[in-house]
Every structure is written in C-alpha cells, then in structure tokens.
Amino acid sequence: MKKIFFSLILIISQFIFAQSGYRFSINEVLIKFPKEVELRDLNKVSGQYFFVSKDKSNIQVSVRNASKMEFYNSVFTKTELLDAFYKWDFDYWKTNSVGAEVKEISKNLEKDQIIWEVTLKEGKTIFLFGILEDKLISISINNADLSDEEKINFVTKVYKQISKYKK
C-alpha cells in the first residue's frame, strides 16, 4: 500500500510541474508568455517559478509582496520601492562569491522597469525588474543561442502583458 501511495504522489508531483502553456497566475498576477513554456520547478520560499521553452530558454518569474521584503519601507514611493528591489538583488550578485559580473542595461522608472544582466561562466542572464501595485516582479531569461536584444525583447514583452489576475 505504501508503494502505491508513494508512486501516486510521484506521478501527481510530475503532473503538477509538467504544466505547459502561455498563461500562468503567480501571486495574483497573470503572466502571459509570447511562446509556450513548461513549468519545471518553483521555490516557494523566494516565490520563483522556473520555466523552459521549446527553444531551451530558461525563464524565471517571481511576483513578491513588497511588504514582505527585507528592504521594505512603508514610506517608499513605488519608484523608490522598485529601485530598492533592484539594488538589493544587484548588490547580492555583485558581492557574492560566484564571480558574477553585473551590469545595468537600462532604467526606465516612468515605465516602472529596470533591465540588467548577470554574467557567469555558464552564460548571461537578462533580468527585468518591475512593479505592479504592491507586487515586485522579476523576469529573467537565459539562452546562449539568443542575442541580448532578443532576450531584452522577450522580458519586455512579458512585462508589458502582465496584469492583475481576476478570479
């Protein structure tokens, strides 16, 4: 009986993480992808969802409640909150011991978005950080076969289509 139970749990967990499609709801925010992706994993602690597309792009999306972040300050404006989120993660990558090279690509606070990159020996990841109401959003893509411009266009397109999820 135990073997059947554990086998059933294994099958169900594979089904849960084998979801594919163009739309996913993450923390009350609707994420629309321009191409089909498959949900591969999620980190419940950080709220990160990991997807893979058919062209082997590794895509990460997180939607976090701003008030739960360690740098949160209730007096921050939306722009200050986004900038604090960016500095928090940028500084993490810049000071950790994995030898990451980090660089800001563009900062458009009028559009509530910051695009930046992290380069490791394994490759380059392009990030877009944004904010929607009280949600801090991180979208990233890593694929050695795509140009930086293609990666930037992808994360920008995903971000432009984000909306609050209506139940």
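Using the numbering used here, read the sequence shown as starting at 3 and increasing by one per residue. The beta-carbon is built from N, C-alpha and C at its ideal position, and this holds for glycine as well.
I need the straight-line Cα distance from residue i to residue j, nearest angstrom please.
{"i": "A102", "j": "K58", "result": "22 Å"}
{"i": "K37", "j": "V54", "result": "10 Å"}
{"i": "T127", "j": "N29", "result": "23 Å"}
{"i": "Y161", "j": "G132", "result": "8 Å"}
{"i": "G125", "j": "K46", "result": "25 Å"}
{"i": "L44", "j": "N98", "result": "22 Å"}
{"i": "K70", "j": "F52", "result": "21 Å"}
{"i": "D150", "j": "Y24", "result": "22 Å"}
{"i": "I14", "j": "K56", "result": "In this predicted model, I14 has a pLDDT of only 43, less than 50, meaning its place in the structure is not dependable enough to derive any value."}
Check whether the Cβ atoms of residue i and residue j lie closer than 7 Å to each other.
{"i": "S2", "j": "E40", "result": "Within the shown structure, residues of the chain are numbered from 3 to 169, placing residue 2 beyond reach of any answer."}
{"i": "S142", "j": "Q50", "result": "no"}
{"i": "L138", "j": "F92", "result": "no"}
{"i": "S165", "j": "L32", "result": "yes"}
{"i": "N75", "j": "N144", "result": "no"}
Which residue comes first and which comes last in the alpha helix (DSSP H) that contains residue i?
{"i": "V160", "result": "D150 to K162"}
{"i": "Y94", "result": "K80 to T97"}
Looking at C-alpha atoms only, which residue of the options is the closest neighbour of residue i?
{"i": "S73", "options": "D85, S64 and V65", "result": "The residue you asked about is not Ser; residue 73 is Phe in the sequence shown. It is D85."}
{"i": "W118", "options": "L83, A68 and T158", "result": "T158"}
{"i": "V120", "options": "E135, R42 and I154", "result": "I154"}
{"i": "L122", "options": "V104, K168 and Y167", "result": "V104"}
{"i": "S64", "options": "S149, S48, F78 and T79", "result": "S48"}
{"i": "T79", "options": "F156, L134 and Y167", "result": "L134"}
Going by DSSP, what residue range makes up the beta strand (DSSP E) through residue i?
{"i": "T121", "result": "Q115 to L122"}
{"i": "N45", "result": "V31 to N45"}
{"i": "L130", "result": "G125 to L134"}
{"i": "K137", "result": "K137 to N144"}
{"i": "S108", "result": "E103 to N110"}
Thinking residue i and residue j are a contact (beta carbons under 8 Å), I'd like their distance in whole angstroms, please.
{"i": "T81", "j": "L111", "result": "5 Å"}
{"i": "D1", "j": "A68", "result": "Outside the shown range of the chain (3 to 169) lies residue 1, about which nothing can therefore be said."}
{"i": "Q115", "j": "K34", "result": "That pair is no contact at about 16 Å."}
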